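A.B. asks: Handing you this structure, nothing more for now.
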Amino acid sequence: MHAVEPEIEITFRSDMDVELVKSAASDADVLWAARVSTKGESSLAEVEADPERSKGLINYLMRDRHGTPFEHSSMTFYVSAPIFVFREFMRHRTFSYNEESGRYRQLVPVFYVPGPDRKLVQEGKPGRYVFTGGTPEQHKLVTEVTQESYRRSYRAYLEMLEAGVAREVARTVLPVGLYSSMYATCNARALMNFLSLRTKREDSAFPSFPQREIEMVAERMEELWAGLMPLTHAAFEANGRVCP
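For the sequence shown, numbering that gives the first Met the number 0 begins at 0 and goes up steadily by one.
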């Protein structure tokens, strides 16, 4: 077999990257979209209106689940996270996605290893379970085993590439803990649906049990969105974090 270097420079991470790339999203977007039903073309005056004067309307729309006015906005996020996070993320078909391709570029050896605060042990039956922290020995085992597994798989990947095997074939040995990157574009209503399912909050009207890694992404997206549409975000929280 073709010889490869025994030591490969690999990066291990436990965090997620989320950036707001571009946006056309404000609380005023909700107002002019909603008021066209009663004002027709004169609702365009609401484009420049002060949303603070109409935050009651935003709250009413959220409370009574008149959802379409929240669709007239757009946000594009750059996300860097493990592949297993993306596979959960892409179940949300109201987003538009473009992801890094392992067919067209050599994939960079950056891998996810759970951090010391990641709860490791699942206790209870499906639907009625909780996660607990785990012992120091379990954390040590997870760290050592995952890192060694990543090293072996990436070494195998490089070995095939150096032997002339196509990238789309060589990548089959790589695990879902590999970091990928993507752009994800959505409107505010789609984002609220995502947040209602992928964050766990005690004040939510309906319980949600997201995997912690996708919740980390969701929390950062929510923080960025709240800065763009603070009144809409406040109404979302005040009404039980239910997507309208």
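Where is the CB? At the ideal position from N, CA and C, for every residue including glycine.
As the structure is a prediction and not an experimental result, all values here were calculated from the model.
1) In the structure shown, what three-state DSSP assignment does phenylalanine 205 receive?
2) Phenylalanine 76 and alanine 183: beta carbons closer than 8 Å?
3) For threonine 10, count the other beta carbons within 10 Å of its own beta carbon; 16 or more makes it buried, fewer makes it exposed. Which is it?
4) Compare the C-beta of leucine 177 against all C-beta atoms of chain D and say whether one is closer than 8 Å.
5) Please tell me whether proline 135 and tyrosine 111 are closer than 8 Å, where the distance is taken between their beta carbons.
6) Identify, in the order they occur along the chain, each residue of the same chain with its Cβ nearer than 6 Å to the Cβ of alanine 32, setting aside the five sequence neighbours on each side.
7) Could you give the DSSP three-state label for glycine 326: helix, strand or coil?
8) Write down every uninterrupted run of the alpha helix (DSSP H) in the stretch 78 to 108 whose length is 4 residues or greater and which is fully enclosed by it, in chain order.
9) Ends of the beta strand (DSSP E) at glutamine 121?
10) Can you check which of these residues, Lys118, Leu160 and Leu223, is closest to tyrosine 103 by C-alpha distance?
11) Count the other CB atoms, across all protein chains shown, that sit within 10 Å of the CB of leucine 140; report buried if there are 16 or more and exposed otherwise.
12) Could you check where the alpha helix (DSSP H) with alanine 183 kicks off and where it finishes?
13) Write down the C-beta distance between arginine 166 and glycine 101 rounded to the nearest angstrom, noting that I regard them as a contact closer than 8 Å.
14) When DSSP labels each residue in this structure, what does methionine 0 get in the three-state scheme?
15) Who are the near neighbours of alanine 234 in its chain, counting only those whose CB is closer than 6 Å to its CB and skipping five residues on each side?
C.D. replies: So, to answer that:
1) Here residue 205 is taken as the residue at index 206 of the sequence shown, counted from 1. Assignment of phenylalanine 205 by DSSP, reduced to helix, strand and coil, places it in the coil class.
2) Indexing the sequence shown from 1 puts residue 76 at position 77. Indexing the sequence shown from 1 puts residue 183 at position 184. Yes. Within cutoff.
3) In the sequence shown, the residue the question calls residue 10 occupies position 11. Exposed, by the Cβ-count rule.
4) The chain labelled as chain D is not found in the depicted structure, where only one protein chain is given.
5) Stepping through the sequence shown from its first residue, residue 135 is reached at position 136. Stepping through the sequence shown from its first residue, residue 111 is reached at position 112. Not closer than 8 Å, so no.
6) Mapped onto the sequence shown, residue 32 falls at position 33. Excluding sequence neighbours, alanine 32 sits near Pro68 and His71.
7) This structure gives no information on residue 326, because the portion of the chain shown stretches from 0 to 243.
8) 82 to 88
9) As a position in the sequence shown, residue 121 is number 122, starting the count at 1. Element bounds for glutamine 121: 120 to 124.
10) Stepping through the sequence shown from its first residue, residue 103 is reached at position 104. With distances taken between Cα atoms, tyrosine 103 lies closest to Leu160.
11) As a position in the sequence shown, residue 140 is number 141, starting the count at 1. Result: exposed.
12) Counted from its first residue, the sequence shown places residue 183 at position 184. Here alanine 183 belongs to no alpha helix (DSSP H); instead the beta strand (DSSP E) covers 178 to 185.
13) Here residue 166 is taken as the residue at index 167 of the sequence shown, counted from 1. Here residue 101 is taken as the residue at index 102 of the sequence shown, counted from 1. Their Cβ separation, rounded to whole angstroms, is 6 Å, which keeps arginine 166 and glycine 101 in contact under 8 Å.
14) By 1-based counting over the sequence shown, the position of residue 0 is 1. Bear in mind that a pLDDT of 43 at methionine 0, under 50, signals an unreliable position, so the number given afterwards is only what the model happens to contain. DSSP places methionine 0 in coil when its eight states are reduced to three.
15) Numbered from 1 along the sequence shown, position 235 holds the residue referred to as residue 234. Same-chain partners within the cutoff: Ile57, Asn58 and Met61.
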